[in-house]
Structures are given as C-alpha cells and as structure tokens.
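Below: the structure, in structure tokens.
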Amino acid sequence: MRSRVLLVFAFAIIVAVPATVGAQFGHPMKGQWSGEWGPKNSPNRILLNLDWDGKEITGTINPGPNGATVKSVVFDYTNPVAWGVKITAEGKDSSGKPVAISVDGKLENLGAYTKLFHGTWTQGGQKGEFVVTRN
Amino acid sequence: MGATAAVVFASSVWVFGQEQAPGQAGQEGGAPAAAGRGGGRGRGRQAGPALPTPRLADGTVNFGRVPGEKGVWAVPYITNMGMQLVGDDGQPLPAIAQARQAAAAARGAGGGGRAAGGGGGGGRGGSKSEPWMPWMPWSAAMYDYNSKNESKYDPEGYCLPPGGPRMMATPYQMEIIQMPEHNRIVMIFEGATHIWREIYMDGRKFPEGDLLNPTYLGYSIGRWEGKDTLVVENTGFNENTWLDYFGHPHTDKMSVTERWTRPSKQTLHYQATINDPGAYTKPFTVAWDVPWRDGGELPEYICQENNRYLNRLEDDLGQPIFGPRPQPGVKPSGGTR
Chain A
1 MRSRVLLVFA FAIIVAVPAT VGAQFGHPMK GQWSGEWGPK NSPNRILLNL DWDGKEITGT
61 INPGPNGATV KSVVFDYTNP VAWGVKITAE GKDSSGKPVA ISVDGKLENL GAYTKLFHGT
121 WTQGGQKGEF VVTRN
Chain B
1001 MGATAAVVFA SSVWVFGQEQ APGQAGQEGG APAAAGRGGG RGRGRQAGPA LPTPRLADGT
1061 VNFGRVPGEK GVWAVPYITN MGMQLVGDDG QPLPAIAQAR QAAAAARGAG GGGRAAGGGG
1121 GGGRGGSKSE PWMPWMPWSA AMYDYNSKNE SKYDPEGYCL PPGGPRMMAT PYQMEIIQMP
1181 EHNRIVMIFE GATHIWREIY MDGRKFPEGD LLNPTYLGYS IGRWEGKDTL VVENTGFNEN
1241 TWLDYFGHPH TDKMSVTERW TRPSKQTLHY QATINDPGAY TKPFTVAWDV PWRDGGELPE
1301 YICQENNRYL NRLEDDLGQP IFGPRPQPGV KPSGGTR
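Listed in order, the protein sequences are those of chains A and B. FYI, in the numbering used here the residues of the first sequence are 1 to 135. FYI, in the numbering used here the residues of the second sequence are 1001 to 1337.
Here is the structure:
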C-alpha cells in the first residue's frame, strides 16, 4: 500500500514539475491555446497561436491552409483579475470563401500556468460558447 | 503572504539571524549610495572609514576577495524595483525621493507607510503608485493583478531562478570570481536557487537567431570601461521570471545593461538599465549598493527542499497548482462567467 502511495506521489511530481517549469510570465495572451467552441455534442476544435510583438497581439487561429489570421485584439483591463478580450480574425471555410471570426471573452487565471480564456465565439453564421486553456 | 517571502525569509533568517524586519528591508535597504542611505539590509556593513578599492594586477577593479582574506557580498532584499529608479545623475528620481519621505512620515505618524508601493505584502498601490514607471497598458494591468494577489504567483516561490537584475536583489550572499587569464567572470549565488552566472570577457558578439537560446539569466558579455567600471550587456532572457517580488513583468524582448563599480573595499555599486520594448515604453535605470561582508563564506542553500508553499498554492479558480491539467474545451471550475 505504501509503495503504491509513493508511486502515485512520484507520478504527481513528474506531471507537476514540467507544468511549473513551463510557466510563462510575459504577456499573458501570448502562447498557444487549445480548446473547443460550439455545441457540446459536436464541438469545433480550436488552436490559437498568438504572439506579442511589443505593439499588438498577432497570430493565427487553427494554423494551416484554412487558418484564420488575427486582425485585431482589444483588451479591457477594468476587472484586474478577468481581462476582457475581443479578437477579430478572418479565415476561410472549406470552399475557400472568406469567413469572419469574432471572439468576445474573458482572460482569467492570469498568473497561473493554466490560463483560461472563455466566452462567445462567432464564426460565419454560427455562434457558441468557447473555452481554451494555454498549453 | 507572497510566495517569495515564504521561501526567501525562511533561509534568510537561518543565515543571518534576526536583523531587520522584512517590511523595512524591502524598501529601505539598497538605496543608492548617492542618496546617502548606504546599502543592503544593514547586515555585514563595515564600520570605520572606506578602505581602498582592491585591484587586480592590471589595475582593473577586483570585485572579489583580497588574497588571504575571506568575504562575500551581502545582497540586499529589493522587493520593489520600481522604487529604485535613478536618473542620469545616479540619484533617485525626485518623485521617488518624495514618495519615500511621505512613507517615512506616514510611518512616523503611525501609518503603514506603504502607499508608495513599498513594504512587504499589504497595502500595495499597484501601477498608479508608481507613475514614473514607463508602463504599457498590459504591464500596468499585470502589475495591478500581482499587487492585488500579493505576488501569489511569484516565480521565485516556485524556486525558479530570479533572473536579470533580481539576482542582485535576492537577499543571499554572492561572490564574484574574476579569471582574466580565461577572459571570463563567474558570479556564484548562495540563494537565487544556488546558481551561477558566467560573463564572457573575450570580446565575442551575441549569438543570433535560434542560437540565442532564451534562458533565465540571459547571455552576458562584459567589457571594462576604464579600469573602474565593468559593463555587462545581457540579452536572451526567457519569460519565466519577474523583475522583482512586487511583480513588475518583463518579456523576452528585454535587454539589460549592468554597470558594476566598487567605490571602496566595503561597497559594490550596482546599476542596471532595463530596456524591454515588450513591456515598457522606454528604458529605465535602477541602482543600489551592496555591502561587503568581511570574513563571509557561501553556505549551501537549496530552495527546493521542503518548499511547502507549493503544496497549498491554489490558482484563481481554486485549483491546486500541482493538479491535473484541464482537458481541452473544459472550463476549470470556479470561473467568473
């Protein structure tokens, strides 16, 4: 029993240490985020790849041939522990037609490793809730 | 109580005994000598007149021990780098001097004296209390967040290295070992995760592109300015550190120019110009003195040992920091939606 407890403890350490080492304390929006938006029974996967160049957040939503380029990111710092974030981006649908993406959310857990960004995702004619966490 | 305070003070007390209240040490210690405040936390300060600056055979300053003697630098605890800014003349910014006077007056009147952003944990004023800092909106907001939660996420609380100028603001002893025959200088630190810095003195250039691997301490290249001042250029920092305990953020765009002098045997004057176009709208310079502790030697200190702070640390959502990773698309419990 004791060895089992030790094994679990050792595993917890192995899992936890890389998480700590990977902490990032620069601009909290910078980095790679993953999650989903839309209905729970048929969610759409999201990968946000964002960078901070000192003037603005740049990046891509779902990098690849149909990736959407981030056009603007606007912050609202009114709530110090849950920043408002609005992202607009432009991508393509499967037929190659332009699709506008609008994201309106909250950035929380700003100082922790598991940063959280969630809110409303609008893409084309669809709208739904989204949740992404920083990888 | 913030992270670093828990980890740092435990060892600090062990090493130095009861010397000065942490809240006092944070702001008062380490003010530039030009301000007439002396340096450090008051520990190890030499009595008597200033002794001549030790020098190496080539006439440059010896930042280490004189042969046959022992001694170490007693690094002060600078909790708030924002209160250490100096102007071109090396003097504290007038607004900071006024803020210090106001804080001292408030203490004298029985107030906390923390309105200017000084002190330990409580009563911190955030970015508005440091209007001289060249904030960007996000860095001000991040600093406010770190103030509000009293530096709960301080990377030093994880026993990660301080990085950058904070190496010289973390209250443990350090030594500087010059090896001119090898064109290098090594700085070894008791605390700050028992780490060392290497400064290349061989005239090399910074690596470019991917060859400049971002690290906690950055890449350091030094040169002599005359025989009195060691100038060290640093770049290639990662984003895993804060500038100080109070939580001034920085980015990987940061470069730091350090100027090291030893005006007397007993005093090292440290000055660092921080240029981070990712977090601040213009460069700023901080400075303080570090006292020599005659006869001192570096003890072993392992930050990670028995660091219980992390075992009870929870994030803003009430999750343990050392918990399972959330699944993609699943919002951790406790959000404010």
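Idealized CB from N, CA, C, for every residue including glycine. Here the structure is a predicted model, which is why all the values come from computation and not from measurement.
When Cβ atoms are compared, which residues of the region 1214 to 1240 of chain B fall closer than 7 angstroms to chain A? E1239 and N1240
N- and C-terminal bounds of the beta strand (DSSP E) containing B/W1138: No beta strand (DSSP E) contains B/W1138, which is instead part of the alpha helix (DSSP H) from P1137 to K1148.
Give the C-beta separation of B/Q1173 and B/L1298 to the nearest angstrom, bearing in mind that I take them to be a contact with Cβ-Cβ under 8 angstroms. 6 angstroms
Comparing C-alpha positions only, which one of B/R1184, B/V1290 and B/T1267 sits nearest to B/M1201? B/R1184
Is the region 1203 to 1218 of chain B close to the region 1078 to 1087 of chain B, with three or more CB pairs under 8 angstroms? no
Leaving out five residues before and five after A/K86 in sequence, what residues of the same chain have Cβ atoms less than 6 angstroms from its Cβ? V74 and D104
Is the beta carbon of B/I1199 closer than 8 angstroms to that of B/G1064? no
Could you check where the beta strand (DSSP E) with B/P1131 kicks off and where it finishes? Segment: none, B/P1131 is in no beta strand (DSSP E) and carries neither H nor E.
Please list the terminal residues of the continuous beta strand (DSSP E) segment that includes A/L48. N44 to W52
Just checking: is the beta-carbon of A/P65 within a distance shorter than 8 angstroms of some beta-carbon in chain B? no
Whole runs of the beta strand (DSSP E) within the region 108 to 135 of chain A, excluding any shorter than 3 residues: 116 to 123 and 126 to 134
Identify, in the order they occur along the chain, each residue of the same chain with its Cβ nearer than 8 angstroms to the Cβ of B/E1314, setting aside the five sequence neighbours on each side. P1320 and I1321
Taking only runs of the beta strand (DSSP E) that begin and end inside the region 1044 to 1089 of chain B, which ones reach a length of at least 3 residues, in chain order? 1071 to 1074
Please identify, using Cβ separations under 9 angstroms, the residues of the region 62 to 94 of chain A that lie next to chain B, in order along the chain. F75, Y77, N79, P80, V81, A82 and W83
What are the boundary residues of the alpha helix (DSSP H) that B/A1095 is part of? P1094 to G1108
Contacts that B/W1242 makes with chain A (C-beta to C-beta distance below 9 angstroms): F25
For B/H1248, which residues from the same chain have a beta carbon less than 7 angstroms from its beta carbon, with the 5 sequence-adjacent residues on both sides left out? M1081, G1082, Y1143 and W1242
Mapping the DSSP letters down to three states, classify B/L1212 as helix, strand or coil. coil
What do you reckon, are the CB atoms on B/G1163 and B/Y1216 nearer than 8 angstroms? yes
Fully enclosed by the region 1232 to 1295 of chain B, which beta strand (DSSP E) runs are 3 residues long or longer? 1255 to 1264, 1267 to 1275 and 1284 to 1294
Check the DSSP bridge columns for B/A1192 and list the partner residues they point to. None, per the DSSP bridge assignment.
Taking only beta-carbon atoms, is B/D1210 less than 8 angstroms away from chain A? no
Is the shortest distance between the beta-carbon of A/N109 and the beta-carbons of chain B less than 8 angstroms? yes
Selected residue, minimal CA-CA separation from B/V1256, among B/S1264, B/G1236 and B/Q1266: B/G1236
Where the region 1276 to 1306 of chain B meets chain A: residues whose CB sits under 7 angstroms from a CB there: P1277 and G1278
Which runs of the beta strand (DSSP E) at least 3 residues long sit entirely within the region 34 to 99 of chain A? Give them in chain order. 44 to 52, 57 to 61, 68 to 76 and 82 to 92
Within a Cβ cutoff of 6 angstroms, which residues of the same chain sit near A/I57, ignoring the five residues on either side of it in sequence? M29, L50 and V73
Check A/M29 in the structure and name its three-state DSSP category. coil
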